[in-house]
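Student:
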Amino acid sequence: MWNLRYLGKSKPLRSVVKKAFSLLFYNGRVIKIRRGPLKGLTWKCSTHQQFWMPLGIYEKETASWLLSQLSEGGVFFDVGANYGYFTLMGGSVVGDGGKVFSFEPIPTNSQIIKEMAMMNGFAHVKIVPVAVSEAAGTVEFAVETNNANSHIASFELPHASSNVLETVSVQTISLDEFCEENTVFPEVIKCDVEGAEVAVLSGAKMLLEKKKSKWIISTHSKELEERCRKIMEEADYFVEGLEGFHHELLCVPR
1 MWNLRYLGKS KPLRSVVKKA FSLLFYNGRV IKIRRGPLKG LTWKCSTHQQ
51 FWMPLGIYEK ETASWLLSQL SEGGVFFDVG ANYGYFTLMG GSVVGDGGKV
101 FSFEPIPTNS QIIKEMAMMN GFAHVKIVPV AVSEAAGTVE FAVETNNANS
151 HIASFELPHA SSNVLETVSV QTISLDEFCE ENTVFPEVIK CDVEGAEVAV
201 LSGAKMLLEK KKSKWIISTH SKELEERCRK IMEEADYFVE GLEGFHHELL
251 CVPR
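First residue of the sequence shown: 1, per the UniProt record's numbering; consecutive thereafter.
#1: Closest by CA to Thr47, which one among Gly28, Ala204, Lys60, Thr219?
#2: What does the Cβ neighbour count give for Lys99, buried or exposed, with the cut at 16 atoms within 10 Å?
#3: Jot down the residue ranges of each uninterrupted beta strand (DSSP E) in the stretch 46-86, minimum 3 residues, whole runs only, in chain order.
#4: Here's the rule: buried if 16 or more other CB atoms are within 10 angstroms of the residue's CB, otherwise exposed. What is Leu250?
#5: Do you know how far the Cα of Val198 is from the Cα of residue 290?
#6: Quick check: the stretch 96-110 against the stretch 51-65, are at least 3 beta-carbon pairs closer than 8 Å?
#7: What does the Cβ neighbour count give for Ser154, buried or exposed, with the cut at 16 atoms within 10 Å?
#8: The alpha helix (DSSP H) that contains Ile231, what's its start and end?
#9: Compute the distance between the beta-carbons of Val125 and Thr183, then report whether it is under 8 Å.
#10: Might you give, ordered along the chain, the residues of its own chain that have their beta carbon closer than 8 Å to the beta carbon of Ser143, omitting 5 neighbours on each side?
#11: Bridge partners for Pro253 per DSSP, in chain order?
#12: Mind checking which residues open and close the alpha helix (DSSP H) that includes Ile127?
#13: According to DSSP, what are the bridge partners of His151?
#14: Taking the CB atoms as reference points, tell me whether Thr172 and Gly195 lie closer together than 8 Å.
#15: If you drop the 5 nearest sequence neighbours on each side, which residues of the same chain put their C-beta closer than 7 Å to that of Leu70?
#16: Answer with buried or exposed for Lys211, where buried requires no fewer than 16 other C-beta atoms within 10 angstroms of its C-beta.
#17: I'd like to confirm the pairing. Which residues does DSSP put opposite Cys191 in its beta bridges?
#18: From which residue to which residue does the beta strand (DSSP E) around Ile31 run?
#19: Do you know how far the Cα of Ala148 is from the Cα of residue 319?
#20: Which class does Glu248 belong to by DSSP, given the choice of helix, strand or coil?
#21: For Phe101, list the residues DSSP reports as bridge partners.
#22: State the start and end residues of the unbroken alpha helix (DSSP H) segment that holds Val200.
Written out as structure tokens, the structure is:
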């Protein structure tokens with residue numbers, strides 16, 4: 001089943017499968033996930049989600065690494081949470097004694113994450129409805145037909161064709177600002193921000209200096225991969241690519 005992630009790279013096959021699953025996982029349907037790291041959790045479906053999510057087989061490699069790093073009672077930042085798959089996984093692992101902060105600027109997405117956190121009894125999961133960048137402010141955010149490709153409009157989308165449904169104004173915050181304001185410091189950070197990776201790291205200088213957080217950073221071009229790798233290595237992190245998906249950078253303090 002995990003190999004379905006590779007099948008999704010075939011556009012014709014993906015289109016056929018997506019149509020079939022959109023009938024099964026229709027908007028608003030609430031299900032129990034039957035397999036994978038979210039097994040037993042309650043999920044609210046949307047036809048804008050990647051269909052691997054309600055199947056419980058979304059991004060096995062990323063999930064496996066996160067599971068190896070997260071621990072009960074820990075603090076997890078899901079930066080660019082989309083529909084909250086890794087937010088819920090983190091909430092399940094860290095438990096009531098831990099904390100999960102789910103950063104997602106698209107209002108419909110963040111609302112669904114909030115509802116699912118409540119459905120699963122995850123009071124320790126907090127939704128932060130902002131885009132993470134280098135500083136606090138307001139930006140235009142492009143919501144794409146492929147919801148997972150939505151991004152801060154001023155950043156290019158080099159890895160995929162752009163098909164913008166709408167542009168909305170959203171608030172931004174830096175991770176350093178958020179951590180200082182809330183007196184919280186993450187053990188693990190998942191960053192998937194569709195081209196804004198360097199901006200996120202630019203706003204996390206204090207976090208990088210503390211070298212207490214482990215990062216997984218999804219980079220969206222070769223240039224961004226190289227720039228992020230350079231930033232993290234200069235901050236004295238050991239950096240390697242996720243096996244099979246080398247644009248996903250695993251960054252651990254030395």
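In this text, a Cβ means the ideal position worked out from N, Cα and C, and glycines have one as well.
Tutor: This is what the structure gives:
#1: The residue you call residue 47 lines up with position 47 of the sequence shown. Taking each of Gly28, Ala204, Lys60, Thr219 in turn and checking the Cα distance to Thr47, the smallest one comes out for Gly28.
#2: Mapped onto the sequence shown, residue 99 falls at position 99. Lys99 is buried by the Cβ-count criterion.
#3: The qualifying runs are 75-79.
#4: Along the sequence shown, one-based indexing puts residue 250 at 250. So Leu250 ends up on the buried side.
#5: A question about residue 290 goes unanswered here, because the residues of the chain that appear run from 1 up to 254.
#6: no
#7: Residue mapping note: residue 154 aligns to position 154 of the sequence shown, counting from 1. The residue in question, Ser154, is exposed, as its Cβ has fewer than 16 Cβ neighbours within 10 Å.
#8: As a working mapping, residue 231 is identified with position 231 in the sequence shown. Where Ile231 is concerned, the enclosing alpha helix (DSSP H) stretches over 222-234.
#9: Here residue 125 is taken as the residue at index 125 of the sequence shown, counted from 1. Here residue 183 is taken as the residue at index 183 of the sequence shown, counted from 1. Contact flag unset, no.
#10: Counting from one through the sequence shown, the residue named residue 143 turns up at place 143. The question names Ser, but residue 143 in the sequence shown is Val. Closer than 8 Å at Cβ, skipping near neighbours: Ile106, Ser150, Val164, Leu165, Glu166, Thr167, Val168.
#11: As a working mapping, residue 253 is identified with position 253 in the sequence shown. Beta-bridge pairing links Pro253 to Tyr237.
#12: Numbered from its first residue, the sequence shown carries residue 127 at position 127. Looking at the DSSP string, Ile127 is not in any alpha helix (DSSP H); the run it does join, the beta strand (DSSP E), is 125-128.
#13: Counted from its first residue, the sequence shown places residue 151 at position 151. Ala142.
#14: In the sequence shown, counting from the first residue as 1, residue 172 sits at position 172. In the sequence shown, counting from the first residue as 1, residue 195 sits at position 195. No, they are not a contact pair.
#15: For the purposes of this step, residue 70 is identified with residue 70 of the sequence shown, where counting begins at 1. Cβ neighbours of Leu70 beyond the five flanking positions: Phe76, Gly90, Val93, Val94, Val188.
#16: What you label residue 211 is simply residue 211 of the sequence shown in a count that begins at 1. So Lys211 ends up on the exposed side.
#17: For the purposes of this step, residue 191 is taken as the residue at position 191 of the sequence shown. Beta-bridge pairing links Cys191 to Val79, Ile217.
#18: By one-based count along the sequence shown, residue 31 stands at place 31. Ile31 -> beta strand (DSSP E) spans 30-32.
#19: Outside the displayed span of the chain (1 to 254) sits residue 319, for which this structure offers no information.
#20: Counting from one through the sequence shown, the residue named residue 248 turns up at place 248. Here Glu248 sits in strand by DSSP.
#21: For the purposes of this step, residue 101 is taken as residue 101 along the sequence shown, with counting starting at 1. In the DSSP output, where bridge partners are listed per residue, Phe101 has Phe77, Lys126.
#22: Within the sequence shown, residue 200 is the residue found at index 200, counting from 1. That run of the alpha helix (DSSP H) goes 197-202.
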